[in-house]
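Quick notes on the structure that follows.
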Amino acid sequence: MTNTNKSSIETPKPSSSNVETVMFNNNGGDFTNYSSTPITIYKLNGQNYIQWSQSFMFHVCSKEKEDYLTGNITKPDEKDAGYRIWKRDNSQVMSWLVNSMEPHIGENFLLYETAAEI
1 MTNTNKSSIE
11 TPKPSSSNVE
21 TVMFNNNGGD
31 FTNYSSTPIT
41 IYKLNGQNYI
51 QWSQSFMFHV
61 CSKEKEDYLT
71 GNITKPDEKD
81 AGYRIWKRDN
91 SQVMSWLVNS
101 MEPHIGENFL
111 LYETAAEI
């Protein structure tokens, strides 16, 4: 299925060979940000919490998603118009969290429902 209402722009990252692609919805909707840049070079391993947490927060804040971690953005009712956006963004932050941890740590959080719970 092809969506002709989207366009993409590739922007090179400074001093990096990574490329970030941003998909814009021409119908005025939100955009999706796909990046090959790693969330953090540190994987939480039980001995590097300070390095991991600071590096992780740099990434989350750069994407303006820190309110999902703090709980300032709460889960709306499933019938609420903003539920789908909340679910997408919350899932994205949860994915960043779990994927930035060593598997033996991250697997403990797979059944959590919100990023704030993690």
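Quick note: the sequence shown uses the UniProt record's numbering, first residue 1, plus one each step. Positions of the beta carbon are idealized from the N, C-alpha and C atoms, including for glycine.
Endpoints, alpha helix (DSSP H) assigned at residue i
i, result
"M57", "49-62"
"D77", "From DSSP, D77 is part of no alpha helix (DSSP H); its letter is neither H nor E."
"E66", "66-70"
Whole-Å CB distance - residue i paired with residue j, under 8 Å assumed
i, j, result
"I39", "S91", "With a Cβ gap of about 14 Å, I39 and S91 do not count as contacting."
"I41", "S55", "7 Å"
"K75", "T114", "6 Å"
"V60", "W86", "The Cβ separation is near 16 Å, so there is no contact."
"L44", "E102", "6 Å"
"V98", "G106", "4 Å"
Status (buried if at least 16 other CB within 10 Å, exposed otherwise) for residue i
i, result
"L69", "buried"
"D77", "exposed"
"M57", "exposed"
"L111", "exposed"
"D80", "exposed"
"F31", "In this prediction, F31 has a pLDDT of 49, which is less than 50 and means its spatial position is unreliable; nothing more can be read from the coordinates."
Beta-ladder partner(s) of residue i, from DSSP
i, result
"M101", "L44"
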